[in-house]
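2 protein chains.
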Amino acid sequence: MMKNSFKSVIPETTLRRMVYYIRCLNSFKKEGVELIQSEDIAKKCGVKSSIVRKDLSYFGEFGVRGKGYDVASLLDTINGIIKTFGQMNAILVGAGKLGSAIIKHSSENFNVKIVAAFDKDKRKVNKIIEETRIYPLSEIEGIVREKKVKIAIIAIPPSDVQSVVDILVKAGIKAILSLALIPINVPDDVEVSFVDVLSEVEFLFYKLSLRRNR
Amino acid sequence: MMKNSFKSVIPETTLRRMVYYIRCLNSFKKEGVELIQSEDIAKKCGVKSSIVRKDLSYFGEFGVRGKGYDVASLLDTINGIIKTFGQMNAILVGAGKLGSAIIKHSSENFNVKIVAAFDKDKRKVNKIIEETRIYPLSEIEGIVREKKVKIAIIAIPPSDVQSVVDILVKAGIKAILSLALIPINVPDDVEVSFVDVLSEVEFLFYKLSLRRNR
DNA sequence: TTGCTCTTGTTATCACAATCACATAGTATA
DNA sequence: TATACTATGTGATTGTGATAACAAGAGCAA
Ligand SMILES: NC(=O)c1ccc[n+]([C@@H]2O[C@H](COP(=O)([O-])OP(=O)(O)OC[C@H]3O[C@@H](n4cnc5c(N)ncnc54)[C@H](O)[C@@H]3O)[C@@H](O)[C@H]2O)c1
Ligand SMILES: NC(=O)c1ccc[n+]([C@@H]2O[C@H](COP(=O)([O-])OP(=O)(O)OC[C@H]3O[C@@H](n4cnc5c(N)ncnc54)[C@H](O)[C@@H]3O)[C@@H](O)[C@H]2O)c1
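Residue numbers (the working numbering), protein chains in the order written: chain R, 12 to 225; chain U, 12 to 225.
This is the structure in structure tokens:
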């Protein structure tokens, strides 16, 4: 039923797991594996097989009952729906310690490519980290428009975040990932998320602390 | 009703937000603010005030109707329940680019303190980053036991992660935050979580891609 | 064709989380 | 003391996600 069509709203949690499924499929493909089962994906991603099947079912019916999924065609179909086709270009603002670690990380991970980095420190401008050049802030708008980049990562101190966000939004960025812990104001059509290692560590502390003591 | 006692199970989502509430309260306290309302916390943390009240209510009744919350006593009470008392000691394995960015980050954030870092690279051992000394892996067990550390952050390449996890678990670590994207095997009483910038970026790509096209 | 095996896709259920709306209980004022 | 006012705490409701269980479909063999 409803081949190649998909539910209009896909749960956030499903979309988060799709990241791992697709990586997993690419890795199977690279190894030359042609047919896989939901259980194989599940094991490799650390989830249950029933969740894998449910998640995939939001996008359509891709498997063969009794057999499993054809790795290549499953990848093709999903790439046809989520139109990234493996290549995801992003920019980075703030080429400090954290920023350069992220550039290096992305150079090891073929999915996301940091096509340009930006920094306000003149001494850093024009340096190249792992093939990514650092530009002055004044070039954000030009490069974003030229390369049609939609996503930006921000790795600068909290105090400067909102002013940089305003520049990014004006330049046409549609999603921002911030590594600084400060609320951000953006128009409704811009997605924002936050990632912070220490918040997660504190959360783990709280969890441990509340575990035994009632 | 039930003053100073709290529900046996506090939702994960609530615990995650508590991290931000407590930071927010500390910051109000530092500014000399003595009385606040759920709305103030909500604004500063980017959530709704009804959620703040509900979250706090899992721990007890701390506010005064018609007035609000006393910042100092609310902090004291929560610190009495979540027994971290502001000081949260952790260790870090992998003092590379990412690892040193995290050490620096924690030195700017008084809550989590990285009391020791570990690296297998002999050239890095005994160096000091922002007051945190780097030790060889062989000293993990001794230092973890001596300093009674319960939480570890791992910032090394995926290939080595499981072997390091085994050492950590043996040393008595009860929660692990990994920055490498590979499933980890631990006993049931050890908490594990993952943080990854690029996964979050890919998730944002998927979200954007699925937005307009149906 | 029938029957057997296998794994998918889906349904039904349960668990968890967010949100609303307001009774409640305190303060402030006169 | 009465009255108005204010922000909390919570019960009820809605929404969202996870899980288990199984019917449905495909392949295969005789
Ligand atoms: N979320 C996390 O998990 C996490 C982890 C580590 C650090 N951090 C935070 O990320 C931020 C950066 O950390 P870091 O270790 O890379 O610091 P850093 O000082 O090494 O680098 C910051 C860089 O940002 C640049 N910069 C500052 N203001 C700028 C602006 N307005 N526009 C463009 N560039 C600007 C600086 O020139 C510098 O190169 C800090 O606020 C830190 O607390 C977050
Ligand atoms: N999750 C994220 O958001 C994120 C971001 C950036 C990088 N990363 C990942 O984190 C890892 C580290 O990144 P990096 O930029 O710091 O790399 P890096 O090479 O600069 O540092 C890695 C460090 O780990 C040490 N190390 C390696 N194996 C070890 C072992 N078995 N025991 C102890 N120490 C060991 C190395 O000596 C080195 O100092 C990489 O796998 C990278 O892909 C994750």
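The beta carbon of each residue, even a glycine, is placed where N, CA and C say it ideally should be.
- The beta carbons of S189(R) and V203(R) sit closer together than 9 angstroms.
- Here K185(R) has K161, I162, D200, V201 and E202 as same chain residues with Cβ atoms under 8 angstroms from its own Cβ, once five neighbours each way along the sequence are excluded.
- Under DSSP, I125(U) takes part in a beta bridge, and its partners are A101(U).
- Chain order gives the chain R residues near P194(U) as K54, K55, C56 and G57, where near means a beta carbon separation below 9 angstroms.
- S174(U) has its Cβ nearer than 8 angstroms to a heavy atom of ligand 2.
- If only uninterrupted alpha helix (DSSP H) runs of at least 4 residues are considered, those enclosed by the region 126 to 188 of chain U are 151 to 158 and 172 to 182.
- At the C-beta level, I114(R) and T143(R) come within 9 angstroms of one another.
- Between L26(R) and L85(U), the C-beta gap is not smaller than 9 angstroms, which leaves the two residues out of contact.
- For E45(R), there is no enclosing alpha helix (DSSP H), as DSSP marks it with neither H nor E.
- Legend: CB atoms of the region 198 to 209 of chain U lying less than 7 angstroms from CB atoms of chain R belong to residues E202, S204, V206, V208 and L209.
- Residue pairing of V203(U) in beta bridges, as defined by DSSP: I187(U).
- Closer than 8 angstroms to some heavy atom of ligand 1: that does not describe the Cβ of H116(R).
- Between E72(U) and chain R, the shortest Cβ-Cβ separation is not below 9 angstroms.
- Assignment of beta-bridge partners to G79(R) by DSSP yields V75(R).
- The beta carbon of V30(U) sits closer than 9 angstroms to some beta carbon of chain R.
- Taking 8 angstroms as the cut-off between beta carbons, the residues of the region 94 to 115 of chain U near chain R are K94, T95, M99, A101, G107, K108, L109, S111, A112, I113 and K115, in sequence order.
- A distance of 9 angstroms or more separates the beta carbons of F129(R) and L109(R).
- Proximity of R156(U) to chain R, defined by a Cβ-Cβ separation below 9 angstroms, is not satisfied.
- Pairing I125(U) with T95(U), the inter-Cα distance amounts to about 15 angstroms.
- Boundaries of the alpha helix (DSSP H) around V208(R): V208 to R222.
- By the C-beta density criterion, I33(R) is buried, having at least 16 other C-beta atoms within 10 angstroms.
- Using a Cβ-Cβ distance cut-off of 8 angstroms, the region 67 to 83 of chain U and the region 132 to 139 of chain U are not in contact, since fewer than three pairs of beta carbons, one from each stretch, lie closer than that value.
- Interface criterion not met: the Cβ of K135(U) is under 9 angstroms from no Cβ in chain R.
- Those residues of the region 151 to 178 of chain U placed with their C-beta closer than 7 angstroms to a C-beta in chain R are K161, I162 and I164, ordered along the chain.
- For ligand 1, a non-hydrogen atom lies closer than 8 angstroms to the CB of N120(U).
- Taking the Cβ atoms as the reference, F121(U) lies roughly 36 angstroms from M99(R), outside the contact range of under 8 angstroms.
- About 6 angstroms separates the CB atoms of V175(U) and I167(U); that is less than 8 angstroms, so the two are in contact.
- The criterion of a C-beta distance shorter than 9 angstroms is not satisfied by V75(R) and A101(R).
- In the three-state DSSP reduction, K94(R) falls in the coil class, being neither helix nor strand.
- For I21(U), a Cβ of chain R is located within less than 9 angstroms of the residue's own Cβ.
- Checking the 8 angstroms criterion, the Cβ of D130(R) is within range of a heavy atom belonging to ligand 1.
- Remark: the shortest separation between the CB of P168(U) and any heavy atom of ligand 2 falls under 8 angstroms.
- Chain R has a Cβ within less than 9 angstroms of the Cβ of K218(U).
- CA-to-CA, the gap between A112(U) and S210(R) works out to about 15 angstroms.
- Nearest in C-alpha terms to I178(U), of all of H116(U), P169(U), I193(U) and V155(U), is V155(U).
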